[in-house]
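Novice: 63 is the number of the first residue of the sequence shown in the numbering used here; add one for each residue after it. Below are the structure tokens for one structure; questions will follow.
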Amino acid sequence: MKGIYNMAQFTEYTNQRGTFWMVKGYLGVCSVTGKQINIEKRGFKTKKSAQLYFAREQLNLENKTKLNNENPTYKELYKRWFETYKNTVKESTYVKTEQLFNNNILPAFSNLKIKNISSDYLQKQVNKWHQKFKQYRKVFNYACKVFDYAVLHGYIEHNPKLRIVIPTTKLDYGIVKREKLYYSKDELQQFLNAVKETCSFQWFAFFRLLAFSGMRKGEMLALTWGDVDLSGKLLTINKTLATGENNKLIVQSPKTESSNRIISLDKITVQILKQWKVEQAKLLLGFGFNSLNPNQLVFNNISTNKPLYFNSARKELIKVCKRYKLPTIHIHGFRHTHCSLLFESGLSVKQVQARLGHSDIQTTMNIYTHVTQDSFDKSAELFQAYVNF
């Protein structure tokens, strides 16, 4: 300790406020700039406190020097960052993030030393992601979390992301193909009639509830009979099915806090669910399962009494649409359908937001914009039909 203090001078001084100690000395050499670092600080009440301050500053410099001398690979730092990140999000979220890194980010940076990754190299990767992915900004933002970690912990002085020009998506002035996002009232009726004719009663009940509740697919697959109040015509949504580590299906809390909600059900949907509950009990009994447990899944694989696979509903949807030549939408499109029909029925934006469990009202407003746009598209024809000349 004496050797450390020999590099500093500790002086007692007096001013109007009293007697204090100051320290002035040489800390060492900055490993980044190569310049000598000197320190001077006043206001210590005792010589001991001034000595401790100097010792701490010298230790901080030594630790920083060790980090600056260390040059781990991008992948090594990614692993360190990921261990901390895992504790801040749900299992299904960090599993998706891990897949994003393994498939799209680590192949570009994996074995490169963190100090050797230049802004030019990062820019080339960003340009490639822009050409390859629709959500290239998401890939870029996650890749940069490792650079942020490297700066925070002193492995690099400057973040290469700060010199990156983010590409913008070029507008295609050719033929604009509008993707089918949701069904109209008539299209939904046609689809449900087709499902009733073609599929098992479970799938009819599934798509009916999906369209008339606005639930997310994961919420539907995690739904248990204990969540369904058939006499009160109420539905409690408090969990979701997701994919965890090693592709294991897990039940976890919903997407956001506002996703925890209780919604009302119409009497026809309730009647369909009552009918399905009776039929499901008979089918499960045939495979040796007792369905009286309140944790019994509402929709399941009958032979195993396990959750339905995530792509099962999509397969049924495509099969029906292909057979009846109906427009195909995504499963999430039924949530969009429910939202648009709620607006058409006269509900306010706030009412729709609460029913769907949107944490951000802008999400609800975006769907409202689609509905009003469709009305806008029909306005000219409605006007012409009215004036009739």
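Heads up, the beta-carbon is just placed ideally off N, CA and C, and yes, glycines get one too.
Does the Cβ-Cβ distance between residue 353 and residue 287 come in under 9 angstroms?
Specialist: One-based indexing of the sequence shown puts residue 353 at position 291. One-based indexing of the sequence shown puts residue 287 at position 225. Yes.
Novice: So what's residue 361 in DSSP terms, helix, strand or just coil?
Specialist: The residue labelled residue 361 in the question sits at position 299 within the sequence shown. Residue state, collapsed to three classes: coil.
Novice: Let me make sure I understand the geometry here. Which of 89, 99 and 105 has the alpha-carbon closest to that of residue 76?
Specialist: Along the sequence shown, read from residue 1 onward, the residue named residue 76 stands at position 14. Checked all of 89, 99 and 105; the closest Cα to residue 76 is 105.
Novice: With 16 other CB atoms within 10 Å as the buried threshold, where does residue 269 fall?
Specialist: Along the sequence shown, read from residue 1 onward, the residue named residue 269 stands at position 207. Classification of residue 269: buried, given that the 10 Å Cβ count is 16 or more.
Novice: Do residue 188 and residue 134 have their C-beta atoms within less than 9 angstroms of each other?
Specialist: In the sequence shown, the residue the question calls residue 188 occupies position 126. In the sequence shown, the residue the question calls residue 134 occupies position 72. Against a cut-off of 9 angstroms, the Cβ pair of residue 134 and residue 188 comes out as no contact.
Novice: Between 309, 285 and 337, which has its C-alpha nearest residue 316's C-alpha?
Specialist: As a first step, residue 316 must be located in the sequence shown, where it is residue number 254. Comparing Cα-Cα distances from residue 316 to each of 309, 285 and 337, the minimum goes to 285.
Novice: Using a beta-carbon distance below 9 angstroms, is residue 144 in contact with chain B?
Specialist: In the structure shown, chain B cannot be found, because there is only a single protein chain.
Novice: Label residue 120 either buried or exposed according to how many other C-beta atoms from any shown protein chain fall within 10 Å of its C-beta, with 16 as the threshold for buried.
Specialist: Working through the sequence shown from its first residue, we reach residue 120 at position 58. So residue 120 ends up on the buried side.
Novice: Beta-carbon within less than 6 angstroms of residue 237's beta-carbon, same chain only, minus the 5 sequence neighbours each way: which residues are those?
Specialist: Walking along the sequence shown from the start, residue 237 turns up at place 175. Any reading at residue 237 must be qualified, since the residue scores a pLDDT of 48, below 50, and its modelled position is unreliable; no value is offered.
Novice: Near residue 186, which residues of its chain fall below 8 angstroms by C-beta distance, leaving aside the five closest residues on each side in sequence?
Specialist: Counting from 1 along the sequence shown, the entry for residue 186 is found at position 124. Counting only Cβ-Cβ distances below 8 angstroms, and skipping sequence neighbours, we find nothing.
Novice: Residue 224: which of 420, 85 and 183 sits nearest, CA to CA?
Specialist: Mapped onto the sequence shown, residue 224 falls at position 162. Closest by alpha carbon: 183.
Novice: Count Cβ pairs between the region 293-307 and the region 322-339 that sit closer than 8 angstroms; are there 3 or more?
Specialist: At 8 angstroms Cβ cutoff, the stretches touch.
Novice: Can we say the region 147-166 touches the region 191-204, given the rule of at least three CB pairs closer than 8 angstroms?
Specialist: Judged by Cβ distances under 8 angstroms, the region 147-166 makes contact with the region 191-204, as three or more pairs qualify.
Novice: Considering only residues of the same chain and omitting the five flanking positions on each side of residue 365, which have a CB-CB separation below 8 angstroms?
Specialist: To locate residue 365, count along the sequence shown from 1; it is residue 303. Within the same chain, residue 365 has close Cβ partners 349.
Novice: Whole angstroms is fine: what's the gap from residue 124's alpha carbon to residue 157's?
Specialist: For the purposes of this step, residue 124 is taken as residue 62 along the sequence shown, with counting starting at 1. For the purposes of this step, residue 157 is taken as residue 95 along the sequence shown, with counting starting at 1. The alpha-carbon atoms of residue 124 and residue 157 are separated by roughly 37 angstroms.
Novice: Can you look up residue 76 in the DSSP assignment and give me helix, strand or coil?
Specialist: Here residue 76 refers to the residue found at position 14 when the sequence shown is read from its first residue. If DSSP states are grouped into helix, strand and coil, residue 76 belongs with the strands.
Novice: Would you call the region 304-318 in contact with the region 245-254, where contact means no fewer than 3 C-beta pairs closer than 8 angstroms?
Specialist: As far as the Cβ criterion goes, the region 304-318 does not touch the region 245-254, which means the pair count is below three.
Novice: Starting from the Cα of residue 372, find the closest Cα among 383, 258, 334 and 304 and give me that residue.
Specialist: The sequence position of residue 372 within the sequence shown is 310, counting from 1. Of the candidates 383, 258, 334 and 304, the one whose C-alpha sits nearest the C-alpha of residue 372 is 304.
Novice: Exposed or buried, residue 169, counting other C-beta atoms within 10 Å across all chains shown (16 or more means buried)?
Specialist: Position 107 of the sequence shown, counting from 1, holds the residue named residue 169. Looking at its Cβ environment, which holds fewer than 16 other Cβ atoms inside 10 Å, residue 169 is exposed.
Novice: Excluding the 5 residues flanking residue 65 on each side, which residues of the same chain have their C-beta closer than 8 angstroms to its C-beta?
Specialist: Taking the sequence shown and counting its residues from 1, the one referred to as residue 65 is at position 3. For residue 65, the pLDDT reaches just 49, beneath the cut-off of 50, and the residue's location in the model is therefore unreliable, although a value from the coordinates is still provided. Here the set comprises nothing.
Novice: Have a look at the DSSP bridge pairing and note the partners of residue 171.
Specialist: Here the question's residue 171 lines up with position 109 in the sequence shown. Residue 171 is not bridged to any residue.
Novice: With 16 as the cutoff for other CB atoms within 10 Å, does residue 451 come out buried or exposed?
Specialist: By one-based count along the sequence shown, residue 451 stands at place 389. Annotation note: pLDDT 40 at residue 451 (below 50); position unreliable, coordinate value reported separately. It counts as exposed.
Novice: Rounded C-beta distance between residue 331 and residue 271? I'm assuming under 8 angstroms.
Specialist: Counting from one through the sequence shown, the residue named residue 331 turns up at place 269. Counting from one through the sequence shown, the residue named residue 271 turns up at place 209. Yes, residue 331 and residue 271 are in contact; Cβ-Cβ is about 6 angstroms, under 8 angstroms.
Novice: Does DSSP put residue 106 in a helix, a strand or coil?
Specialist: By one-based count along the sequence shown, residue 106 stands at place 44. Looking at residue 106 - three-state DSSP - the assignment turns out to be strand.
Novice: Can you check whether the CB of residue 214 is closer than 9 angstroms to the CB of residue 391?
Specialist: The sequence position of residue 391 within the sequence shown is 329, counting from 1. The sequence position of residue 214 within the sequence shown is 152, counting from 1. Their beta carbons are not under 9 angstroms apart, which means residue 391 does not touch residue 214 by this criterion.
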